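Here's the structure we're looking at; comments come further down.
Numbering (the UniProt record's numbering), first residue to last: 1 to 297.
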């Protein structure tokens, strides 16, 4: 479903106001990393990367020192956006698709305000489509409009193919953000963690997992019909059965643990957003935490 421009403008305005109010301080990069330009030397602290040891200064002072680095400010950010049919689900006021589009708006804004170039690779349930990177807030606005106006595809999206195509387009060192629910056909799973590892060789990678509370625990609402949006298959479920709800919650927890393990093994950071929470506050809290940790490295 295409969005009208007024709805997108409202979304962007809400993102801008909320994030500007929640995040303070100078621009430090969306996800502060090690950087690449050499900075000053300082004494080694527990937890520092030994690969950054400054041996000449260490030898001269007889005290271990590491060489700090200056964070890059003009980087290229790529969004890998999964808008396949499994995201057409929501039980608490919004669909996962709408949450994913909100995450696109938020991260495009955060990256664009530093003047960085922003591009995207998007799947709507078919072959992934690339949107060339453009700089700044204008590029972020254009990207959001393009992402939300792409025609719907049919069938399940291929997450591994989406990540691989993002890697092929992200030739410059920078940041890659994968936005998906990470749900796949258990009978035919793809090796997306391997593609994450390949992407993380040159990119700093963040995986944004979108979910709905009903995907973690079923409420007791009697008999309901559930439909797989990617296959159209339906099943009748008796949610009043406490044993069934317990088995469902156990299976859901195991599924989310597998997703978290895949992201971790892929060398990526992990942010979980829910349709049932204040997702903009969750994004701001995540970034503030990363900035805090980076300040003590």
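Positions of the beta carbon are idealized from the N, C-alpha and C atoms, including for glycine.
It should be emphasised that the depicted structure is a prediction, and the values quoted were computed from it without experimental measurement.
Cβ-Cβ separation, residue 259 to residue 208 (assumed contact under 8 Å), whole Å | Against the chain shown, residue 208 aligns to sequence position 208. Against the chain shown, residue 259 aligns to sequence position 259. Rounded, the Cβ-Cβ distance is 12 Å, inconsistent with contact.
Are the region 90-101 and the region 129-137 in contact at 8 Å, needing three or more beta carbon pairs?
-> Look at the beta carbons and you see the region 90-101 not touching the region 129-137: under three pairs across the two are nearer than 8 Å.
Determine the contact status of residue 118 and residue 146, defining contact as a CB-CB distance below 8 Å.
-> Your numbering for residue 118 matches position 118 in the chain shown. Your numbering for residue 146 matches position 146 in the chain shown. When the beta-carbon positions are compared, residue 118 and residue 146 stay at least 8 Å from each other.
Measure from the alpha carbon of residue 167 to the alpha carbon of each residue in 186, 151, 185 and 194, then state which is nearest.
-> The sequence position of residue 167 within the chain shown is 167, counting from 1. Out of 186, 151, 185 and 194, the CA that lies nearest to the CA of residue 167 is found in 194.
Report the option in 11, 87 and 13 whose CA atom is closest to the CA atom of residue 212.
-> Position 212 of the chain shown holds residue 212. When the alpha-carbon of residue 212 is set against those of 11, 87 and 13, the nearest one is in 87.
How do the region 14-21 and the region 273-289 stand: do at least 3 beta-carbon pairs fall below 8 Å, yes or no?
-> Contact holds: three or more Cβ-Cβ distances are below 8 Å.
Taking C-alpha atoms, which residue in 100, 81, 60 and 50 lies nearest to residue 67?
-> Your numbering for residue 67 matches position 67 in the chain shown. Out of 100, 81, 60 and 50, 50 has the C-alpha closest to the C-alpha of residue 67.
Selected residue, minimal CA-CA separation from residue 276, among 84, 21 and 96 = In the chain shown, counting from the first residue as 1, residue 276 sits at position 276. When only C-alpha atoms are compared, the closest one is 96.
Compare the Cα-Cα distances from residue 56 to each of 45, 46 and 41 and report the closest residue.
-> Here residue 56 is taken as the residue at index 56 of the chain shown, counted from 1. Comparing Cα positions, the closest option is 41.
For residue 159 versus residue 184, is the C-beta distance shorter than 8 Å?
-> As a working mapping, residue 159 is identified with position 159 in the chain shown. As a working mapping, residue 184 is identified with position 184 in the chain shown. Yes. Within cutoff.
When 54, 164 and 286 are compared against residue 82, the one with the closest alpha-carbon = Counted from its first residue, the chain shown places residue 82 at position 82. Considering only alpha carbons, the answer is 164.
Looking only at its own chain, which residues have a Cβ that is under 7 Å from the Cβ of residue 120, when we skip the five neighbours before and after it?
-> Working through the chain shown from its first residue, we reach residue 120 at position 120. Hits under 7 Å: 78, 79, 81, 131, 143 and 147.
Using three-state DSSP, classify residue 158 as helix, strand or coil.
-> Residue mapping note: residue 158 aligns to position 158 of the chain shown, counting from 1. If DSSP states are grouped into helix, strand and coil, residue 158 belongs with coil.
According to the Cβ coordinates, are residue 140 and residue 115 closer than 8 Å?
-> As a first step, residue 140 must be located in the chain shown, where it is residue number 140. As a first step, residue 115 must be located in the chain shown, where it is residue number 115. Cβ atoms of residue 140 and residue 115: not closer than 8 Å.
Assigned exposure category for residue 26 - 16 Cβ within 10 Å defines buried = To locate residue 26, count along the chain shown from 1; it is residue 26. No answer about residue 26 holds up, because its pLDDT of 47 lies below 50 and its placement is not dependable.
If you run the structure through DSSP and keep just helix, strand and coil, what is residue 91?
-> For the purposes of this step, residue 91 is taken as the residue at position 91 of the chain shown. Here residue 91 sits in coil by DSSP.
Taking the C-alpha atoms as reference points, what is the distance between residue 222 and residue 215?
-> Residue 222 sits at position 222 when you count from the first residue of the chain shown. Residue 215 sits at position 215 when you count from the first residue of the chain shown. Cα to Cα, the separation comes out at about 17 Å.
Have a look at 137, 123 and 242 and flag the residue whose alpha-carbon is nearest the alpha-carbon of residue 110.
-> Counted from its first residue, the chain shown places residue 110 at position 110. Answer by Cα proximity: 137.
Thinking just about the alpha-carbon of each residue, which of 65, 257 and 269 is nearest to the one in residue 48?
-> Counting from 1 along the chain shown, the entry for residue 48 is found at position 48. The shortest Cα separation from residue 48 among 65, 257 and 269 belongs to 65.
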